[in-house]
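Under numbering that gives the first Met the number 0, the very last position in the sequence shown is 91; numbers go up by exactly one each time.
Cβ coordinates follow ideal geometry from the N, Cα and C atoms, glycine included.
The structure displayed is predicted, hence computed values, not measured ones.
Taking it in order: structure first as structure tokens, then the write-up.
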Amino acid sequence: MTLKEALIRSYLVAFLYVGFATFAVLNSYGSSPFYGEWVLFGLVITLPVSIISFGIMYASKEAYLVVIAIQLIMFLITGFLIFFVFYRHKLR
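Take a look at the structure:
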């Protein structure tokens with residue numbers, strides 16, 4: 000596996016995981032059209048990357064841009080961590 004393939008795979012997994020967390024956080028209010036029982040499950044599964052964003056959404060339901068910015072940072076960090084943990088030793 001090349002470095003490029005490892006980076007693509009790790010950031011694809013990070014995109015799916017953090018994307019699901021972002022979708023769950025943005026729909027955590029009852030007035031959201033996608034609100035349902037799945038939101039609690041989604042937040043619990045993605046707790047490491049959604050806890051800060053959920054706290055911000057809980058404090059102010061109009062903070063969509065702040066939540067998206069934080070989730071973008073979490074995406075970059077998560078992608079790097081996945082690459083570092085799973086693929087670094089395979090590239091040597």
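Taking only the alpha-carbon atoms, compute the straight-line gap between residue i and residue j and give it to the nearest angstrom.
{"i": "Ser49", "j": "Tyr34", "result": "16 angstroms"}
{"i": "Leu42", "j": "Leu15", "result": "14 angstroms"}
{"i": "Thr1", "j": "Gly78", "result": "16 angstroms"}
{"i": "Val24", "j": "His88", "result": "34 angstroms"}
{"i": "Ile44", "j": "Lys60", "result": "22 angstroms"}
Would you say residue i and residue j are within 8 angstroms of each other, going by their C-beta atoms?
{"i": "Val12", "j": "Ile81", "result": "yes"}
{"i": "Val65", "j": "Ile55", "result": "yes"}
{"i": "Phe74", "j": "Val17", "result": "yes"}
{"i": "Phe85", "j": "Ser31", "result": "no"}
Pick out whichever of the options has its Cα sitting closest to the Cα of residue i.
{"i": "Ala62", "options": "Asn26, Pro47, Phe40, Arg87", "result": "Asn26"}
{"i": "Ile72", "options": "Glu4, Thr1, Pro47, Arg8", "result": "Pro47"}
{"i": "Tyr28", "options": "Ile44, Ile7, Ser52", "result": "Ser52"}
{"i": "Phe19", "options": "Ala58, Ser30, Ile67", "result": "Ile67"}
{"i": "Gln70", "options": "Ala58, Thr21, Phe40", "result": "Thr21"}
Restricting to runs no shorter than 4 residues, where is the alpha helix (DSSP H) found entirely within the stretch 17-59?
37-44, 46-58
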